[in-house]
Amino acid sequence: PRPLVLLLGDQLSHDIASLRDLPDDTVIALCEVASEGTYVPHHPQKVALIFSAMRHFSAELRDKGHRVHYSALDDPNNTQALIAEAERLAGLYDCDEVRVMRPGEWRLWQAMRERTDAALPWRLIEDDRFFSTPEDFAAWAKGRKAPRMEHFYRMMRERTGLLMEDDQPAGGQWNFDHDNRKPLPAELSPPSPPQHRRDGATQDVLTLVTEHFPEHFGDLENFHWPVTRRQALVDLRHFLERLLPDFGRYQDAISDDEPFLFHSRLSAALNLGLLSPREVCEAVEREYREGRAPLNSVEGFIRQVLGWREYVRGLYWTRMPDYKRRNALEANHGLPAFYWSGDTELRCLKRAIEMTRDHAYAHHTQRLMVTGNFALLCDVAPEALCDWYLAVYADACEWVELPNTLGMVLHADGGLMGSKPYCASGKYIDRMSDHCRHCRFDPKQVTGRDACPFNSLYWAFLERHADTLSGNPRMSLIYGSLRRMGDDKRAAMREQADAFLERLDRSPAYGRGLHR
Ligand code: FAD
Ligand code: DLZ
C-alpha cells in the first residue's frame, strides 16, 4: 500500500498516531488552504501561527527523511479545500488510501467519514495525544444525569497519578480555588513573554497573511507565538521558572494594561501539537515536588489541562452535532458591532477587545467574565458569539472553543459545562480588575447616567430568565435579593437595561461571516 497521510494544521507532533507504522513510500501532505482560513474571519496571527508552524514542521519531517508534499496557499494548483487537496495529491502520487487523524472539528470529521468507502478510501485514526479519548469519556458519562467536570477531573487524577499521594490528592484537597482569587496588586509587574526570532519562513508567512487576509480583524505586529517545538519549549520553561509560582494566586485577576499576567500562553502550542499535555502537566507537577512552586498554582494549572481541557473535548465529541444547536436560554441577538473594533466606552470590554486585536489572546477570566458575561447579559445568540471566539484567538479550535462559549459562557447547553451561568455585575469586574478606575461608568451605581451598564443588565437578565434559572439551588441567594428589591427599583433598573440594549449596535443578522 502507498498511503497519503494528511497532516492537519493542528497535528504537528512527531510521535502522532498518523505518522506511526508508515510504509516506505508514504507521502505526507500538509496543505494551506483558503477555505480553512476564511470560514470564520480568523485573526491574522492565528493564520500566521498555523502556516508558519506547518512550514517548520514539514521541514523537520523532510530532515528526518520523510517524503513530504507541502501545498502553499499561493500554489497555482492548490484546490484550496482540505479534502479536495488531499485527493488531488493522492492522485498525483498514485496513492491508494488517505490516512488522517481525527481533526479538531466535527464538520471535517463528518466530511472525512463520508469518504471511508470511496474508491480512494480514507482511513481515520484516533488522536491519542490527549489523556482520554471520546470513547473513554462516553463510558465515564454513561448513566450520569448531570456530568460534572469536578468528578471527571478527580477520576483523571486517580487514573494518571498526577498530584496523587497513594490514593489521596496531594495536600489533602482536590481543589485550591479559594486561594486563587486575588486581584493584581498595583506594584506587581508580570514578566514579559519570550520574543521568538522571526526567521525567513515566518517572515514569508507574515507577508502572505497580510496579502491574503487584509480584511480580518487583528494586528500582526505583536506576533510572538512559538512556531516550532523548540520555541514552545522556551515558552514552557519561561512559564515554569517565571510565572508558575504566581499563576494560582492571580489566575482570575484582570489588568488594564497587562494582557498575560501569570498565565502560561501555552494553549496554542498545546492545541497545535508542539507540546503534549502530558509533558506539560508532568513538568508542572515536578515544580511542586521539587519545592519550586506552591500547590495552589500547580493544582490550579493541572485542573485546567487535565480537567477542563479533557472534559470539554469529551463533551464536544460525544455531544456533537446537536451540541452546536443548543440554545437553552433562547438567546437570539446579534453580536455588538464593537466586538470587531473595541469602540466602546465600557473600559473592561474595550481593553479585552484591544488586547485580543493586538495579541490574538485574552486570558480566561477576560473571555468568561468580560466579553462572555456581557454577551450573556445581552442575550447574544450562541452562533454569533461562537463564531467570534473561534475567529479571534490564536488557540481557537472548535472542540475547545464551542463548549467554553456555548456551554460555559452562554449556559446554552442547559448546564453540562457549568451548573449555573457565570453571570456577574460590574461589582465582580471592579473587585478583580483595575478597569473601573479608568472607566467613565461607576460600578457602584445601578441606575442613572453614570451607572455601569453591567449592573442593570445583570438584574434585568436574571428577571428575564427567572423561569429557567430561579429554581436552580445555586442561584437561590441571588433570586432572593431580586425578590426583596422594591418594585420601583426593579422597574428603574429594567428601564435602564432596556434603554442600553436599545442603543447597542447589534448586527441584525448573525452567522458565519455576517456579523463583522
Ligand atoms: P492558562 O491560564 O495558562 O491555562 C493553562 C492551560 O489550561 C491552557 O493553556 C489551556 O490549554 C488549558 N485551559 C485553561 N482553561 C481551559 C478551559 N476552560 N477549557 C479548556 N482548556 C483550558 N481555550 C483554547 O485552548 N481554545 C479555545 O478556543 C478557547 N476558547 C475559549 C472561549 C471562551 C469563551 C472561554 C471562556 C474560554 C476559552 N478557552 C479556550 C479556554 C481558556 O480561556 C484558554 O485555554 C486560555 O485562556 C489560554 O491561555 P493560557 O494558555 O495562558 O492559559
Ligand atoms: C485554523 C486553520 C487554518 C486557518 N488553516 C489551515 C490550513 O490551511 N490547513 C490546515 O490543515 N489546517 C488549518 N487550520 C486548522 C484547521 O481548521 C483544521 O486542520 C483543524 O483540524 C480544525 O480544528
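As numbered in this note's numbering, residues 389 to 904 make up the sequence shown, in order.
Backbone N, C-alpha and C define an ideal beta-carbon position, used for all residues, glycine too.
- The bridge partners DSSP lists for P557 are M552.
- Distance from the C-beta of G492 to the nearest heavy atom of ligand 2 is below 7 Å.
- L572 is not a Cβ neighbour of A506, given a cutoff of 8 Å.
- Rounded to whole angstroms, T706 and A526 show a C-alpha spacing of 6 Å.
- Note: W528 is not bridge-paired with any residue in the DSSP secondary-structure output.
- Ranking M743, H402 and D893 by CA distance to the CA of Y781 puts M743 first.
- In the DSSP assignment, no residue is bridged to A782.
- For V435, the shortest C-beta to heavy atom distance toward ligand 2 is below 7 Å.
- Fully contained in the stretch 741–780 are the following alpha helix (DSSP H) runs of length 4 or more, in chain order: 761–765 and 770–780.
- Rounded to whole angstroms, the gap between the alpha carbons of S844 and V700 is 32 Å.
- Secondary structure of E493 (DSSP, three-state): coil.
- Nearest to A848 by alpha-carbon distance, out of A887, I817, F829 and D838, is A887.
- Judged by DSSP secondary structure, P432 falls within the alpha helix (DSSP H) whose first and last residues are P432 to D451.
- In the three-state reduction of the DSSP assignment, D515 falls in the coil class, being assigned neither a helical nor a strand state.
- DSSP lists no beta-bridge partner residue for V615.
- In the displayed model, L631 falls within a helix according to three-state DSSP.
- 8 Å or more divides the Cβ of A763 from the Cβ of A750.
- For G859, the number of other beta carbons within 10 angstroms of its own is below 16, and it is reported as exposed.
- Between L662 and L400, the beta carbon gap of about 6 Å places them in contact (Cβ cut-off 8 Å).
- By the neighbour-count criterion, in which 16 or more other beta carbons inside 10 Å mark a residue as buried, K434 falls on the buried side.
- Restricting attention to A656, T835 and E771, the CA atom closest to the CA of A748 is found in A656.
- Bounds of the beta strand (DSSP E) holding Y458 are R455 to S459.
- In this structure, the straight-line span from the alpha carbon of W510 to that of W562 is close to 43 Å.
- Distances from the CB of G606 to the heavy atoms of ligand 1 are all 7 Å or more.
- Counting of Cβ neighbours within 10 angstroms places H651 among the buried residues, the total reaching 16 or more.
- With three or more CB-CB distances shorter than 8 Å, the stretch 417–429 counts as touching the stretch 439–456.
- At a cut-off of 7 Å, the beta-carbon of D783 counts as near ligand 1: some heavy atom of the ligand is closer than that.
- For the options L632, L683, E485 and H853, the alpha carbon positioned closest to that of D567 is the one of L683.
- Of the residues assessed, R637 falls on the buried side of the cut-off, its CB having 16 or more other CB atoms within 10 angstroms.
- The Cβ neighbour count for D783, taken over all protein chains shown within 10 Å, is at least 16; the residue is labelled buried.
- Nearest Cα to E485 within the set E424, R495, L437 and P411: P411.
- In the same chain as S821, and ignoring 5 residues on each side of it, the C-beta atoms closer than 6 Å to its own belong to I642, in chain order.
- Sixteen is the threshold: since fewer than 16 other Cβ atoms of the shown chains lie within 10 Å of the Cβ of Q583, the residue is exposed.
- The stretch 612–625 makes no contact with the stretch 721–732, as fewer than three CB pairs between them are under 8 Å.
- Here DSSP, grouped into helix, strand and coil, assigns L418 to strand.
- Counting along the chain, L850 sits inside the alpha helix (DSSP H) bounded by residues P841 to R852.
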